[in-house]
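The structure under discussion appears below in the form of structure tokens.
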Amino acid sequence: MPTTSALAPETRSVRLRLAGWLTAFCGLALAWGAAPAAAQGKLEAQYEASLSGIPVGKGGWNIDIQDDVYSAAAAGGTSGLLKSFTGGSGTGASQGRVVGGALVATGYQASTTTQKKTEEIRITLDKGNVKDFAILPEPPVDPDRIVVTEAHRRGVWDPMTASLLRVPGTGDPVTPEACHSSAPVFDGRMRYDLKLDFKRMETVKAEKGYKGPVVVCSLYFVPVAGYIPDRPVIKYLAAQRNIEIAFAPVAGTRILVPFWLKVPTPLGPAMLEATSFITTAQPPKVAKTQ
Numbered sequence: 043m044p045t046t047s048a049l050a051p052e053t054r055s056v057r058l059r060l061a062g063w064l065t066a067f068c069g070l071a072l073a074w075g076a077a078p079a080a081a082q083g084k085l086e087a088q089y090e091a092s093l094s095g096i097p098v099g100k101g102g103w104n105i106d107i108q109d110d111v112y113s114a115a116a117a118g119g120t121s122g123l124l125k126s127f128t129g130g131s132g133t134g135a136s137q138g139r140v141v142g143g144a145l146v147a148t149g150y151q152a153s154t155t156t157q158k159k160t161e162e163i164r165i166t167l168d169k170g171n172v173k174d175f176a177i178l179p180e181p182p183v184d185p186d187r188i189v190v191t192e193a194h195r196r197g198v199w200d201p202m203t204a205s206l207l208r209v210p211g212t213g214d215p216v217t218p219e220a221c222h223s224s225a226p227v228f229d230g231r232m233r234y235d236l237k238l239d240f241k242r243m244e245t246v247k248a249e250k251g252y253k254g255p256v257v258v259c260s261l262y263f264v265p266v267a268g269y270i271p272d273r274p275v276i277k278y279l280a281a282q283r284n285i286e287i288a289f290a291p292v293a294g295t296r297i298l299v300p301f302w303l304k305v306p307t308p309l310g311p312a313m314l315e316a317t318s319f320i321t322t323a324q325p326p327k328v329a330k331t332q
């Protein structure tokens with residue numbers, strides 16, 4: 043669910059994570075569970091972003107979960123009046139293996155383009171540890187930025203995979219227990235934690251596709267490294283206690299993905315919501331025999 047911005051790097055980074063979400067505004071497979079489950083499913087979704095009820099962006103998100111591998115890709119950009127001032131677009135993608143029912147990322151790529159520049163981020167992972175990463179063009183060193191150490195890049199999720207929530211067990215995955223989770227995330231620039239707490243259950247209806255229950259969680263953003271402490275956007279988001287995110291299921295799997303995201307801002311509520319949410323279960327692969 044990608045988005046883009048001409049703001050400071052921290053602003054773009056947080057929006058990618060909080061949304062990894064119009065790619066990362068379209069920002070929470072938290073793969074926060076490891077109960078075995080051989081399942082396959084696909085999601086084709088379209089999202090619209092708004093600020094105080096005014097449309098400001100659109101994006102799409104495709105997810106494909108198979109028995110042993112998965113992939114997720116998002117693309118989007120600004121629209122309406124906002125496009126006239128800060129026109130831009132973004133893409134993001136993650137891929138990896140399915141191990142014992144859990145999503146294990148191997149790679150993440152993201153690109154954002156504004157009227158001023160294009161930036162690309164690439165991350166290679168191995169069992170939750172960052173093996174290699176790059177930001178192109180390479181950003182200048184800022185002495186005020188908290189350094190990301192090697193330890194910060196171990197045991198982490200990429201932003202796209204961290205946007206999917208895996209619920210262990212065998213029953214209905216859309217339950218309050220799905221929100222009892224947290225995840226460490228590295229997006230190529232910042233290292234932060236995303237924490238969830240159960241808020242309530244709701245029923246949603248997309249204009250096309252899914253109609254049914256979602257679990258609504260409170261979302262807390264905790265910066266760890268790779269950011270400038272005095273930046274207002276970091277202070278604001280870290281202090282927020284009213285960010286909410288609703289998760290809906292991918293048919294045939296135990297994966298939940300964001301259906302909508304609400305973030306209070308000084309200019310009014312920012313909203314990212316699915317307008318189309320088409321999800322289908324896929325039959326398991328049948329072993330070939332001679």
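Heads up, the sequence shown is in our numbering, so the first residue is 43 and it goes up one at a time. All C-beta atoms in this analysis are idealised placements derived from N, C-alpha and C, irrespective of residue type, glycine included. Quick caveat, the model's predicted, so the values are computed rather than measured.
Could you tell me the boundaries of the beta strand (DSSP E) in which residue i lies?
i, result
"PRO271", "Element bounds for PRO271: n/a, residue is neither H nor E."
"GLY39", "The chain is shown only over 43 to 332; residue 39 falls outside these bounds and no answer can be derived."
"SER121", "From DSSP, SER121 is part of no beta strand (DSSP E); its letter is neither H nor E."
"GLN88", "83-93"
"ASP174", "171-178"
"GLY99", "96-107"
"THR322", "312-323"
"ASP184", "Here ASP184 belongs to no beta strand (DSSP E), and DSSP marks it neither H nor E."
"ASP168", "160-168"
"THR156", "Segment: none, THR156 is in no beta strand (DSSP E) and carries neither H nor E."
Between the Cα of residue i and those of the options, spot the shortest distance and give me the residue it belongs to.
i, options, result
"VAL146", "ILE107, ALA152 and THR120", "ILE107"
"PRO179", "VAL227, THR307, PRO215 and ARG231", "ARG231"
"VAL189", "ASP239, TYR234 and ASN171", "TYR234"
"PRO185", "PRO255, TYR269 and LYS173", "TYR269"
"ALA135", "THR120, ASP109 and ASN104", "ASN104"
"ARG296", "THR212, LYS237 and PHE319", "THR212"
"ALA267", "ILE287, LYS250 and ALA193", "ALA193"
Can you give the Cα-Cα distance for residue i and residue j, rounded to whole angstroms?
i, j, result
"THR245", "THR217", "12 Å"
"GLU315", "SER205", "14 Å"
"LEU279", "PHE263", "6 Å"
"THR322", "PRO226", "29 Å"
"LYS187", "ILE177", "For the record, residue 187 in the displayed sequence is Arg; it is not Lys. Each residue's Cα considered, the two are about 16 Å apart."
"THR307", "PRO325", "43 Å"
"ASN20", "TYR150", "Lying before the first or after the last residue shown, residue 20 is absent from the chain, which here runs from 43 to 332."
"ALA73", "GLY130", "A caution first: ALA73 carries a pLDDT of 33, below 50, which makes its placement in the model unreliable, though a value can still be read off. Their backbone Cα atoms lie some 30 Å apart in a straight line."
"ILE320", "VAL292", "9 Å"
"SER92", "VAL140", "34 Å"
"VAL5", "PHE240", "Residue 5 is absent from the model: the chain starts at 43 and stops at 332."
"GLY101", "LEU303", "14 Å"
Mind reading off the beta-carbon distance from residue i to residue j? Whole number of angstroms is fine, and I expect it under 8 Å.
i, j, result
"GLY138", "THR203", "7 Å"
"PHE228", "VAL257", "Contact doesn't hold; Cβ gap of about 26 Å is too wide."
"THR317", "GLN88", "5 Å"
"SER224", "LEU207", "Actually they do not touch by this definition, with Cβ atoms about 11 Å apart."
"LEU309", "PRO215", "So it is not a contact: roughly 35 Å between Cβ atoms."
Ranges of the alpha helix (DSSP H) found wholly within the segment 188-262, counting only runs of at least 4: none
Ordered list of beta strand (DSSP E) runs contained in the segment 280-310, each at least 3 residues: 286-291 and 297-305
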